[in-house]
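Student: Once you know that position 135 of the sequence shown is 135 in UniProt numbering, the rest is easy, because the numbers rise by one and skip nothing.
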Amino acid sequence: MSTLTSPQSELAPGACGCDKDDVCTLEDAVGQTSRGQTPFAETSSRSRVLEVATAPSRYAFEHFSRKLEFETDCSDVNSAFVSGAVDFVLLDVRSAQLYRNGHVPGAVSVPVLSISEERMMEFPLHTHFVVYCAGPHCNGANKAAIRLARLGRPVKEMIGGVTGWLDEGLTLEK
1 MSTLTSPQSE
11 LAPGACGCDK
21 DDVCTLEDAV
31 GQTSRGQTPF
41 AETSSRSRVL
51 EVATAPSRYA
61 FEHFSRKLEF
71 ETDCSDVNSA
81 FVSGAVDFVL
91 LDVRSAQLYR
101 NGHVPGAVSV
111 PVLSISEERM
121 MEFPLHTHFV
131 VYCAGPHCNG
141 ANKAAIRLAR
151 LGRPVKEMIG
161 GVTGWLDEGL
171 TLEK
């Protein structure tokens with residue numbers, strides 16, 4: 001956070017700053033100014049959880065809604081398959097060998113490095129994809145999502161990957 005030289009300092013939209021007394025001013029994207037909250041509470045009176053102030057509800061709504069535009073979870077994917085309401089293609093982007101060793105039921109093996117315009121031509125252009133890899137320790141799903149997005153393909157990541165799937169008590173198939 002930048003330090004304001006005076007309470008009357010001008011802030012650009014989206015900027016935030018604190019004066020010498022840690023009184024903060026936030027200029028939001030529409031030019032409304034909020035002043036007076038300190039972002040860092042005294043640790044003796046507040047938990048570390050609230051050491052940084054909670055975002056206003058409208059920002060929390062925007063943030064979490066945006067996250068869900070990019071990701072889904074294992075439970076929601078499983079529910080879609082169980083109910084028959086599968087409106088996406090689930091891609092296992094790990095190696096073919098790892099796929100053969102065990103994969104999420106209903107997944108198609110498309111290793112991340114094989115994602116290309118030619119490879120994806122087998123799927124209609126507006127197919128929605130959900131990608132997963134080994135788990136939180138693996139960035140293969142993110143790399144696959146980038147490749148698909150570059151090809152203009154709608155994509156989400158199944159957070160947790162295989163690790164998350166198993167943590168939910170779900171089984172893999174071979």
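The C-beta atom is built at its ideal place from N, Cα and C for all residues, glycine as well.
Model, not experiment: these values are computed from the prediction.
For the candidate residues G106, F64, L68, whose alpha-carbon lies nearest to that of residue 246?
Tutor: Here the chain has residues from 1 to 174 only, and residue 246 is not among them.
Student: Look at the Cβ atom of E71, then the Cβ atom of E157, and state whether they are nearer than 8 Å.
Tutor: Yes, they are a contact pair.
Student: Once you ignore the five residues that flank I159 on each side, which residues in its own chain have a CB closer than 6 Å to its CB?
Tutor: Its chain contains E71, D73 as the residues whose beta carbon lies nearer than 6 Å to that of I159, once the 5 sequence neighbours on both sides are disregarded; these appear in chain order.
Student: Give me the DSSP bridge partner(s) of K156.
Tutor: V130
Student: Could you check what DSSP says for R66 in three-state terms: helix, strand or coil?
Tutor: helix
Student: Have a look at V110 and R100 and give me their C-alpha separation to the nearest angstrom.
Tutor: 12 Å
Student: Would you call the CB atoms of L172 and V104 closer than 8 Å?
Tutor: yes
Student: Can you give the beta carbon distance from L166 to E117, rounded, assuming they're within the 8 Å contact cut?
Tutor: 33 Å between Cβ atoms; not a contact.
Student: Excluding the 5 residues flanking A145 on each side, which residues of the same chain have their C-beta closer than 6 Å to its C-beta?
Tutor: V131, V155, E157
Student: Do L98 and F129 have their C-beta atoms closer together than 8 Å?
Tutor: F129 sits away from L98, with the two beta carbons spaced by 8 Å or more.
Student: Let me check one thing: in DSSP terms, what residues is T72 bridge-paired to?
Tutor: For T72, the pairing in a beta bridge is given by DSSP as M158.
Student: Compare the C-alpha of K174 against each of M120, F61, F123, G102 and name the closest.
Tutor: G102
Student: Kindly give me the distance between the Cβ atoms of L91 and V108, rounded to whole angstroms, as I take these residues to be in contact under 8 Å.
Tutor: 6 Å
Student: Return the CA-CA distance between V112 and M120, expressed in angstroms with no decimal places.
Tutor: 12 Å
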